[in-house]
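**Q** Got a structure for you, questions after.
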Amino acid sequence: MADKNSPVQSSAAFIKTLIIVVIAIIILWIFGKGILMLISAVKQM
1 MADKNSPVQS SAAFIKTLII VVIAIIILWI FGKGILMLIS AVKQM
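First residue of the sequence shown: 1, per this note's numbering; consecutive thereafter.
So, in structure tokens, the structure goes:
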């Protein structure tokens with residue numbers, strides 16, 4: 001890592017970013033499933 005003074009801080013920032021990315025993917029996946037279910041429901045009408 002470039003920041004040698006605070007490796008703990010950089011790893012904490014990396015973990016925070018990773019958690020945000022994972023949450024965003026989960027939200028998008030649920031949102032995408034909801035849209036697909038909505039499209040299939042509209043097609044059945």
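A virtual CB, placed ideally from N, CA and C, is assigned to each residue, including glycine.
Using the C-alpha atoms, what's the distance from residue 12 back to residue 35?
**A** Going from the Cα of residue 35 to the Cα of residue 12 covers about 34 Å.
**Q** Quick one: what's got a C-beta closer than 7 Å to residue 40's C-beta in the same chain, skipping five residues either side?
**A** So the list is empty, once near-sequence residues are dropped.
**Q** Just curious, the alpha helix (DSSP H) that residue 45 is in, first and last residue?
**A** Residue 45 -> no alpha helix (DSSP H), and no H or E assigned at all.
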